[in-house]
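Peer 1: Before I ask anything, let me first share the structure, which is written out below as structure tokens.
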Amino acid sequence: MLQEVIETKLHNTFEPEYLKVINESYMHNVAPGSESHFKVIVVSAAFEGLRLIGRHRLVNQALADELANHIHALSIHTYTATEWKAQNELAPDSPMCLGGSK
1 MLQEVIETKL HNTFEPEYLK VINESYMHNV APGSESHFKV IVVSAAFEGL RLIGRHRLVN
61 QALADELANH IHALSIHTYT ATEWKAQNEL APDSPMCLGG SK
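Numbers 1 to 102, taken from the numbering used here, label the letters of the sequence shown in order.
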């Protein structure tokens, strides 16, 4: 399963305090059971001192093969432990897809 591959790569790369990988493909105009749209929430000390763009680059590098070959869309939410606590340990909800006919 692609979701498990993503979880393993992010866990191995960032040793996160919190990691959640959510398959959001059902929110889009894709075949049932698809694994093409994901949301990742990663809380890691690896993000200390990095701006948002730097954090996203690291996630994109960790998932380069999946992004090139399997993932159509990836919503990335990266936090340090302090930021995650300030967010009340919640990431924003993803909007429903507005493209295609569903």
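Glycine included, each C-beta is placed from N, C-alpha and C at the ideal position. Just so we're clear, the structure is a prediction, and the values are computed from it rather than from any experiment.
Rank H56, A64, P16 by C-alpha distance to the C-alpha of H77 and give the top, closest one.
Peer 2: Your numbering for residue 77 matches position 77 in the sequence shown. Here the closest residue by C-alpha is H56.
Peer 1: Could you tell me how far apart the beta carbons of F38 and N60 are, in whole angstroms, since I believe they sit closer than 8 Å?
Peer 2: Working through the sequence shown from its first residue, we reach residue 38 at position 38. Working through the sequence shown from its first residue, we reach residue 60 at position 60. About 13 Å separates the two Cβ atoms, so there is no contact after all.
Peer 1: Taking only three categories from DSSP, how would you classify I71?
Peer 2: In the sequence shown, counting from the first residue as 1, residue 71 sits at position 71. Coil, per DSSP.
Peer 1: For K20, which three-state DSSP category applies?
Peer 2: Mapped onto the sequence shown, residue 20 falls at position 20. Strand, per DSSP.
Peer 1: The alpha helix (DSSP H) that contains V43, what's its start and end?
Peer 2: Translated into positions along the sequence shown, residue 43 becomes position 43. Per DSSP, V43 belongs to no alpha helix (DSSP H); it is in the beta strand (DSSP E), 37 to 43.
Peer 1: In the DSSP assignment, find the alpha helix (DSSP H) that holds Q61 and state where it starts and stops.
Peer 2: If you number the sequence shown from 1, residue 61 lands on position 61. Taken as a continuous stretch (DSSP letters only), the alpha helix (DSSP H) holding Q61 covers 52 to 62.
Peer 1: Can you tell me the Cβ-Cβ gap for A62 and K9, rounded? I've got them flagged as a contact below 8 Å.
Peer 2: The residue labelled residue 62 in the question sits at position 62 within the sequence shown. The residue labelled residue 9 in the question sits at position 9 within the sequence shown. Sure, about 5 Å apart at Cβ, within 8 Å.
Peer 1: Mapping DSSP to helix, strand and coil, what is H28?
Peer 2: Taking the first residue of the sequence shown as 1, we reach residue 28 at position 28. Correct three-state label for H28: coil.
Peer 1: Would you call A91 buried or exposed, if buried means 16 or more other Cβ atoms sit within 10 Å of its Cβ?
Peer 2: Stepping through the sequence shown from its first residue, residue 91 is reached at position 91. A91 comes out buried.
Peer 1: In this structure, how does DSSP classify T80 when only helix, strand and coil are distinguished?
Peer 2: Locating residue 80 in the sequence shown gives position 80, where the first residue counts as 1. It is coil, neither helix nor strand.
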